[in-house]
Amino acid sequence: MKSIAQMAKSLDISSSTIREYLSRFEEFFPDPVEHEGVKEYPPEAEDLIKKIYGYYQTSGMTKEEIRVKLGGPGPVDQSPSAAVAAMAPMDMAQFEQLGERFERLITTIENLTSAITGANVETFKGIR
116 MKSIAQMAKS LDISSSTIRE YLSRFEEFFP DPVEHEGVKE YPPEAEDLIK
166 KIYGYYQTSG MTKEEIRVKL GGPGPVDQSP SAAVAAMAPM DMAQFEQLGE
216 RFERLITTIE NLTSAITGAN VETFKGIR
């Protein structure tokens, strides 16, 4: 368990920045425990602060993009374009890989169904 000041020292991040993260991303942090009048946080809070700091510093992500990355709700505007814009570049690449895997899976299922039933693979192309 560490106080904000202790986390600031170990992470080399200002106390005010840590307080800002604790406020801005409140729903992701475990509740602090008060010990002798000082709020202390479990180790996972320090790990989360380090992660958020990294998102801001290395990727230039916005608050909403970080919120999505941490598994929270996306932006208030849930239009498809806003949801895509909120995705981190890595997430978009993963999404594209998933689409490619999905296409390979469909092709495999079509080929297996064709082998089992004796039907022509082209029969299944219109079903997609």
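Just so you know, we're using the numbering used here here: the sequence shown kicks off at 116 and counts up by one. Each residue gets a CB set at the ideal place from its N, CA and C atoms; glycine is no exception. This one's a predicted model, so the numbers in the text were calculated from it and none came from an experiment.
Asked: DSSP three-state assignment for Glu151, whether helix, strand or coil; Found: coil
Asked: Beta-bridge pairing of Lys117 - partner residues as DSSP gives them; Found: Tyr156
Asked: Rounded Cβ spacing between Ile119 and Phe140 (contact assumed at less than 8 Å); Found: Going by Cβ atoms, the distance from Ile119 to Phe140 rounds to 14 Å, so no, they are not a contact pair.
Asked: Of the residues Tyr136, Leu227 and Gly233, the one placed nearest Lys290, counting alpha carbons only; Found: Because the chain here runs from 116 to 243, residue 290 falls outside it and cannot be looked at.
Asked: Under 8 Å between C-beta atoms of Pro145 and Ala123; Found: no
Asked: Assigned exposure category for Ile164 - 16 Cβ within 10 Å defines buried; Found: buried
Asked: Under 8 Å between C-beta atoms of Glu142 and Gly187; Found: yes
Asked: For Asn226, the three-state DSSP class (helix, strand or coil); Found: helix
Asked: Assigned secondary structure, Gly169 (DSSP; H/G/I helix, E/B strand, else coil); Found: helix
Asked: Burial state of Glu180 (16 or more Cβ within 10 Å); Found: buried
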